[in-house]
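Below: the structure, in structure tokens.
Protein chains in written order, with the numbering used here: chain A, 1 to 774; chain B, 1 to 278.
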């Protein structure tokens with residue numbers, strides 16, 4: 001019954017008729033490489049109309065050709081462009097080229113207009129970043145990172161010091177759908193979460209939805225992070241790259257057939273292992289440490305794009321990345337490796353100017369292996385998730401102010417959970433365990449995007465999803481609706497409601513993003529998670545330079561998963577038994593003031609939020625408790641100052657009130673039953689996560705010097721992370737001193753004192769990076 | 001080359017230094033709510049006795065002068081109450097006792113022995129006004145079926161067989177001790193649920209821990225579920241101090257009536273065997 005109003009709304013809005021002016025159609029491309037640009041804002045001042053380009057850069061906007069009109073094209077990271085269409089013009093099919101933005105006064109004037117476009121847009125709870133924004137902000141050791149840049153936006157929290165995991169509006173890290181060119185990626189982290197798997201050199205754009213999720217996205221309950229890589233240049237050979245303190249990257253792009261087919265390949269690798277080799281060779285590191293652990297990661301991106309005909313385009317995307325950590329000792333070796341591999345084939349077909357089809361076939365895999373050797377025995381512990389899928393998305397534009405999308409999606413998952421293999425090198429002892437469930441997920445959706453009189457914009461849709469394993473079938477209906485209303489030229493209000501369902505879950509008890517975290521499917525014991533989110537907000541254009549945004553949200557989270565009290569997680573063969581299920585609530589308010597023009601640009605984002613979880617059997621008597629990422633206040637201040645074309649300075653300041661943790665508050669001697677003469681000291685734990693960590697704050701800064709030469713452009717970025725050397729908490733641990741007996745040995749049953757100590761990870765940390773392109 | 005080495009090496013050194021743990025805790029622990037802890041294990045053939053203590057703040061320094069298993073500083077006096085055996089009331093008296101190396105501060109007089117399936121109830125009132133209640137039953141004794149020894153070269157391993165003979169789940173705690181000269185060492189201490197048995201049969205085995213002349217003490221305590229859960233919660237909280245993959249939790253006891261009182265009031269039976277390895 002609840003669904004009927006939504007379906008009715010979708011159906012009712014389909015036949016709505018718009019005005020019957022002439023349409024201006026065309027394509028928007030990058031001026032340097034002719035690649036089409038998606039989501040370019042197009043605005044007609046005289047008609048008070050606006051639209052966006054699709055994934056092929058195409059657009060259509062109604063205009064009145066009885067008068068001369070100005071059309072403005074704006075895109076984040078590119079110079080905006082305005083064109084004049086004179087009255088009576090017959091050629092209403094255009095190709096527009098936009099140039100990449102370089103910080104000058106001129107382009108600043110142009111970006112003023114894009115603020116107005118943002119005011120009119122219907123998006124609620126979304127953030128978009130361009131490659132330039134990601135690259136120019138200060139970062140740990142100079143390694144720019146898209147996920148870390150998102151953490152500077154309101155409502156998006158980091159997990160812990162330096163960690164790329166995102167906690168969005170009360171959700172956990174596994175509740176984010178992370179897509180690379182439309183393919184899900186299951187562990188978007190390198191280096192235990194200090195860097196993401198996304199090489200900034202190949203990124204075109206990144207969009208994050210916190211609310212108002214379009215119907216074509218599903219499978220996670222908290223957010224969607226849609227990251228797109230750029231196609232190669234199909235006009236000439238180009239190269240770009242960089243060398244930093246811990247990694248280097250190189251990207252080469254070239255046309256295989258000019259103006260028709262292009263290829264982009266890019267690789268990135270850390271060189272910490274080479275450096276540790278130099279240290280070992282040149283310094284005496286003492287007998288206690290036999291060898292510095294060997295660590296490296298790499299990733300490799302590949303994109304082939306071919307314009308098969310005027311109506312057909314083919315894309316082949318590939319990504320593979322892996323981390324490898326190794327320590328070798330005389331009798332004990334540890335080798336941990338983990339990584340993702342992705343591939344996709346995408347075919348875009350245009351049936352008519354108003355009907356497009358995108359077909360995608362994809363493959364995505366994440367696995368980790370923990371190899372141990374102790375003397376003659378090998379222990380292999382690992383897990384894997386493998387997803388093969390296909391989807392079709394049909395886009396139809398019946399009229400200039402309406403866009404209808406329908407699509408289907410099918411995925412097959414193969415899990416390999418908690419693999420444990422033990423064998424003797426002589427081959428006599430062999431043992432293996434673990435579960436290998438295979439499941440299928442399917443979905444279909446319909447969405448309708450409609451504008452009425454350029455003031456009222458409504459996006460409605462519904463998604464049907466299902467999940468099938470050997471013994472169970474789960475189905476869900478997910479209504480989505482969002483609307484915006486432009487009150488006047490400076491003020492708009494927006495609202496959205498969405499339901500999301502999640503059928504696969506990642507289990508972790510560390511709070512860190514460890515590769516040993518395991519993906520687990522819904523089954524007879526584990527119901528799918530789902531969330532309902534309501535959000536409202538308003539945008540206010542303060543003046544030509546400042547845009548103020550305010551959003552309020554409430555999200556209910558159902559069928560949430562926690563580990564039971566007193567469970568052992570690692571290498572457990574039956575994880576189902578370790579879980580307990582309950583629900584959660586997240587609510588908060590986000591304020592965002594942004595300045596995108598002038599020599600000084602940046603933003604201030606503030607979030608006031610509360611998250612709680614409860615009704616878990618066996619936890620705190622079913623009462624509500626805060627999860628670790630329940631952060632009440634979160635503030636980010638980001639500022640960039642362009643002195644001129646060559647010099648710019650950027651700085652970020654972040655503050656977060658302390659996350660929660662769980663520590664013992666009391667202790668007692670346990671005397672136990674007769675027959676055993678010991679009295680160990682037992683820690684007493686109160687309710688979960690009742691202790692707040694100290695507040696987190698940090699200031700980073702970087703300065704960029706650009707060089708424009710005949711052979712190409714290059715830049716040097718010098719930065720400092722944690723400028724005032726704040727010792728922020730990474731984690732806390734219990735430190736107990738024991739009584740030393742007459743033989744000099746610790747008596748573990750006679751503690752002298754216990755304390756709680758903090759590990760801080762990054763002190764003041766300088767960075768340096770050199771980037772080039774030609 | 002030297003320049004490049006410096007710009008790479010210096011930040012890595014910063015990174016290395018930074019990974020050292022910081023100073024003592026900077027955090028504020030929530031205000032400690034002192035709790036009372038009741039420990040009571042009642043066995044047929046023994047008069048009932050109790051230990052009632054209180055908790056301390058986790059990071060409070062220990063009294064080094066009373067480190068020798070002396071928990072007298074934590075004992076709580078002034079508790080009044082009654083033990084009901086099959087409905088018959090017996091007063092709980094505040095009286096100290098040291099028995100087999102254990103300390104007790106409450107006893108029940110006039111009760112010499114308990115019988116199988118006796119129903120036991122406990123009512124206590126604390127000096128600060130808390131009133132609590134608990135109930136237990138003397139479980140049926142699970143006997144040791146047989147004990148054997150494996151031999152490998154000059155070493156021996158203990159193998160013990162038991163049978164669970166009830167349709168409902170039974171619980172036992174297996175304790176294996178080795179007496180060598182004047183030293184007694186705990187070899188195994190396992191609480192086990194009968195649900196893990198194979199058609200009611202269960203086998204416990206040890207490593208080759210024994211040699212000729214050792215005295216092997218094998219004990220099987222028949223316990224109730226409340227004690228099985230309590231012991232596991234204690235054990236896991238102890239483990240969680242050192243193992244990051246163990247979830248801690250609240251102590252699971254069977255004392256009800258006040259969240260200021262935790263602990264266990266349970267009955268059990270013991271079957272044991274003493275063998276000298278020859």
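C-beta: ideal position from N, C-alpha, C; glycine also.
Computed from a prediction, not measured in an experiment: that's the story for all the values here.
Asked	Found
Residues near residue 220 of chain A by beta carbon distance below 7 Å, same chain, minus five either side	175, 176, 177, 500, 502
Member of A:247, A:647, A:403 whose CA lies at the smallest distance from the CA of residue 353 of chain A	A:403
Residue burial classification, residue 689 of chain A (beta-carbon count within 10 angstroms, cutoff 16)	buried
Three-way DSSP call (helix, strand, coil) for residue 236 of chain B in this model	helix
C-beta atoms of residue 682 of chain A and residue 237 of chain B nearer than 9 Å	yes
Contact set for residue 145 of chain B: own chain, Cβ-Cβ below 6 Å, skip 5 residues either direction	161, 162, 163
Straight-line Cα distance separating residue 382 of chain A from residue 370 of chain A	6 Å
The segment 548 to 566 of chain A contacting the segment 452 to 469 of chain A, beta-carbon criterion three pairs below 8 Å	no
Interface flag, residue 149 of chain B vs chain A, CB-CB below 9 Å	no
Distance between residue 337 of chain A and residue 387 of chain A (C-alpha atoms, nearest Å)	20 Å
Whole-angstrom C-beta distance between residue 126 of chain A and residue 208 of chain A, which should lie under 8 Å	7 Å
Contact belief for residue 106 of chain B with residue 92 of chain B at Cβ below 8 Å, rounded distance in angstroms	5 Å
Start-end ranges of the alpha helix (DSSP H) lying completely within the segment 212 to 276 of chain B, minimum 4 residues	225 to 240
Among A:75, A:32, A:34, nearest to residue 52 of chain A - alpha-carbon criterion	A:75
Unbroken stretches of the beta strand (DSSP E), 3 residues or longer, contained in the segment 122 to 154 of chain A	126 to 130
Below-9 Å beta-carbon distance, residue 248 of chain B vs any chain A residue	yes
Spatially closest choice to residue 293 of chain A from A:307, A:301, A:189, A:275, by CA coordinates	A:275
Residue from B:50, B:216, B:110, B:123 with nearest C-alpha to residue 155 of chain B	B:216
Min CB distance residue 25 of chain B to chain A below 9 Å	Its pLDDT being 47, under 50, residue 25 of chain B is placed unreliably in this model, and the coordinates cannot settle the point.
Three-state secondary structure (DSSP) of residue 200 of chain A	helix
Separation of residue 133 of chain B from residue 254 of chain B, as counted between CA atoms	9 Å
Beta-carbon contacts of residue 771 of chain A that lie in its chain and below 6 Å, excluding the five residues immediately before and after	242, 715
Any C-beta of chain A under 9 Å from that of residue 34 of chain B	yes
Burial state of residue 96 of chain A (16 or more Cβ within 10 Å)	buried
Residue 99 of chain B, buried or exposed, once every other Cβ within 10 Å from all chains shown has been counted against 16	exposed
Closer than 9 Å to chain B by CB, residue 666 of chain A	yes
Members of the segment 35 to 47 of chain B that neighbour chain A once the beta carbon cut-off is set at 9 Å	35, 37, 39, 41, 43, 46
Beta-carbon neighbours of residue 56 of chain B, restricted to chain A and to distances below 8 Å	666, 667, 668
Which residues DSSP lists as bridging residue 238 of chain A, in chain order	A:253
Distance between beta carbons of residue 260 of chain A and residue 307 of chain A, contact taken as under 8 Å	5 Å
Backbone CA spacing between residue 756 of chain A and residue 735 of chain A [nearest angstrom]	6 Å
Host beta strand (DSSP E) of residue 215 of chain A (start-end)	No beta strand (DSSP E) contains residue 215 of chain A, which DSSP labels as neither H nor E.
Integer-rounded CB distance, given that residue 319 of chain A should sit under 8 Å from residue 299 of chain A	7 Å
Rounded separation between residue 73 of chain B and residue 669 of chain A - CA only	11 Å
Cβ distance (whole Å) where residue 765 of chain A is taken to contact residue 141 of chain A below 8 Å	7 Å
For residue 731 of chain A, the residue or residues it bridges with in DSSP	A:759
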